[in-house]
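Enquirer:
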Amino acid sequence: ATEAKRIAVTGAAGQICYSLLFSIAKGEVYGADQPIRLQLLDLPQAQDAVRGVVMELEDCAFPLLKDVSITDDPAVAFKDIDAAFLVGSRPRSKGMERRDLLTANAEIFKVQGKALNEAAKRDARVIVVGNPANTNAMILADNAPDFPRENITAMVRLDHNRALTQLAKKAGVGVEEIDKFVVWGNHSPTMFADWTNATANGKSLPELIGDESWYKDTLIPQVAKRGSAIIEARGASSAASAANAAIDHMHDWINGSNGDWTSMAVSSDGSYGIPEGLMAGVPLICANGSYERVTGLSLDAFQREMLERTVGELVEERDAVAKG
Ligand code: NAI
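Heads up, the sequence shown is in full-length UniProt numbering, so the first residue is 2 and it goes up one at a time.
1) Would you mind working out which of Pro64, Glu59, Arg52, Pro45 sits nearest alanine 33, comparing C-alpha positions?
2) Tell me whether serine 291 sits in a helix, a strand or coil according to DSSP, three-state version.
3) In three-state DSSP terms, what is glutamine 223?
4) Can we count threonine 311 as close to the ligand NAI, meaning its CB is less than 7 Å from some heavy atom?
5) Buried or exposed for glutamate 213, going by 16 or more other Cβ atoms inside 10 Å?
6) Return the CA-CA distance between glycine 53 and leucine 308, expressed in angstroms with no decimal places.
7) Whose CA, out of Ile255, Ala288, Glu318, lies closest to the CA of tyrosine 31?
8) If we count Cβ pairs, one from each stretch, closer than 8 Å, do we get three or more for the stretch 98–106 versus the stretch 8–26?
9) The ligand NAI heavy atoms versus the CB of isoleucine 109: any closer than 7 Å?
10) Cα-Cα, which of Arg235, Ala14, Asn135, Lys122 is closest to alanine 47?
11) So is the beta-carbon of arginine 91 under 7 Å away from any non-hydrogen atom of the ligand NAI?
12) My parser needs the beta strand (DSSP E) runs of 3 or more residues fully inside the UniProt domain "Lactate/malate dehydrogenase N-terminal" (7–152); what are they?
13) Would you list the one or two residues that DSSP bridges to phenylalanine 182?
14) How many Å lie between leucine 285 and leucine 300 at the Cα?
15) Taking the Cβ atom as the reference point for each residue, do alanine 164 and phenylalanine 182 lie within a distance shorter than 8 Å?
16) Kindly examine the ligand NAI and report whether one of its heavy atoms sits closer than 7 Å to the Cβ of isoleucine 231.
17) Is any non-hydrogen atom of the ligand NAI found closer than 7 Å to the C-beta of serine 238, if you look at the structure I gave you?
18) Pull up the DSSP beta-bridge partners for serine 264, would you.
19) Going residue by residue through the stretch 200–244, where are the continuous alpha helix (DSSP H) segments of at least 4 residues, counting only ones entirely within it?
20) For the ligand NAI, is there any heavy atom lying closer than 7 Å to the beta carbon of glutamine 223?
21) Can you tell me whether glutamate 151 is buried or exposed? The criterion is at least 16 other CB atoms within 10 Å of its CB, across all chains shown.
22) So is the beta-carbon of glycine 131 under 7 Å away from any non-hydrogen atom of the ligand NAI?
23) How is the beta strand (DSSP E) around aspartate 195 delimited, first residue to last?
24) Take the Cβ of aspartate 74 as the centre, count every other Cβ of all protein chains shown within 10 Å, and call the residue buried at 16 or more, exposed below.
25) DSSP three-state label for threonine 154, please.
26) Can you tell me the Cα-Cα spacing of alanine 237 and isoleucine 231, whole angstroms?
27) Taking one C-beta from the stretch 206–222 and one from the stretch 251–267 each time, how about it: are there three or more such pairs within less than 8 Å?
28) Among Gly297, Ala134, Arg7, which residue has its Cα nearest to the Cα of alanine 266?
29) Shorter than 8 Å from the beta carbon of threonine 200 to some beta carbon of chain D?
30) Between which two residues does the alpha helix (DSSP H) harbouring glycine 313 extend?
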């Protein structure tokens, strides 16, 4: 029998995990032949709630789910893992400044980085979902010096998927027909949804849509503000779509993106003027269990301006955290 993959998931009692855990347990990350063990982490006060979720997981009788453990200790949760979904983070409370939020989360991801460094398999793949996701991922990597930095990523896939549907609708094509679309930078309203190179069935998507003002004045702001629009409409933040994007991110990383571009925030190698070490969304192609950056794109003035804006925000976040 195939040995079970160990998957750590943090924030297990939360909204996103209420969807995410069930998709993982069904085999949506590794596929239908791969048994898995879940190692769930949440805060001490959330342990009862996690136990409730585990009862529901049991009640699904998932054939692939071999074991579920619960802990409030990151070193236990990350022991010998093959993959981690870091969903838990400190939400912004009333009156909390952005800076306080950044430093509160920096503390969490420092501790988790050290635990990852000690306990995880070196080839484990890590996605940070908990906000501020990009900067949290950077702190995690900075505190896990013996863990491969390229195996730590942050999620911009939700923004990517949000844009895909709107582009496909506007162009009258299927979402699966679109390639070479990318979300650059931070998972925040500054993210840059970039259609410049996008194609549908090999034809230029910007030409097919032929409406640049729609792209700049409607599509980009709509994707940027989608999170708020969902809170406004639903009275709660996006959860099922966030879980779905996390699954897509991990699935493609592990199983490949079939030669298509995808968007993941990874540690910058300095290309496209993004300072080295920042976790920024860039275009990637996934194959053979890893990713390769799409290199050599030449950026026009609009692309450069949009990229500088979102990368500027990542620099600000890094500096705010460094000051503490
Ligand atoms: P939630 O508030 O329902 O759940 C968060 C869970 O994390 C809670 O159970 C909490 O106890 C736990 N938690 C807090 N600190 C923790 C720690 N130090 N260790 C382990 N667990 C901890 O939140 P929800 O809706 O599940 O969202 C989770 C995060 O994902 C939020 O930060 C949210 O902003 C972010 N998010 C990111 C997206 C992205 O595209 N990158 C999209 C949507 C949400």
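Don't be surprised by glycine CBs; every beta carbon is placed ideally from N, CA and C.
Expert: In this structure, then:
1) Pro64
2) If DSSP states are grouped into helix, strand and coil, serine 291 belongs with the strands.
3) helix
4) The answer is no for threonine 311.
5) Exposed is the call here.
6) Going from the Cα of glycine 53 to the Cα of leucine 308 covers about 43 Å.
7) Ile255
8) no
9) yes
10) Ala14
11) yes
12) Within the UniProt domain "Lactate/malate dehydrogenase N-terminal" (7–152), the complete beta strand (DSSP E) runs of at least 3 residues are 37–42, 66–72, 84–87, 126–129.
13) Phenylalanine 182 is not bridged to any residue.
14) 16 Å
15) yes
16) no
17) yes
18) Pro284
19) Listed in chain order, they are 206–210, 221–225, 227–235.
20) no
21) Under a 10 Å Cβ-count criterion, glutamate 151 is classified as exposed, with fewer than 16 other Cβ atoms of the shown protein chains found around its own Cβ.
22) yes
23) Taken as a continuous stretch (DSSP letters only), the beta strand (DSSP E) holding aspartate 195 covers 193–195.
24) It counts as exposed.
25) strand
26) 7 Å
27) no
28) Ala134
29) Here chain D cannot be found, since the structure has a single protein chain.
30) 302–324
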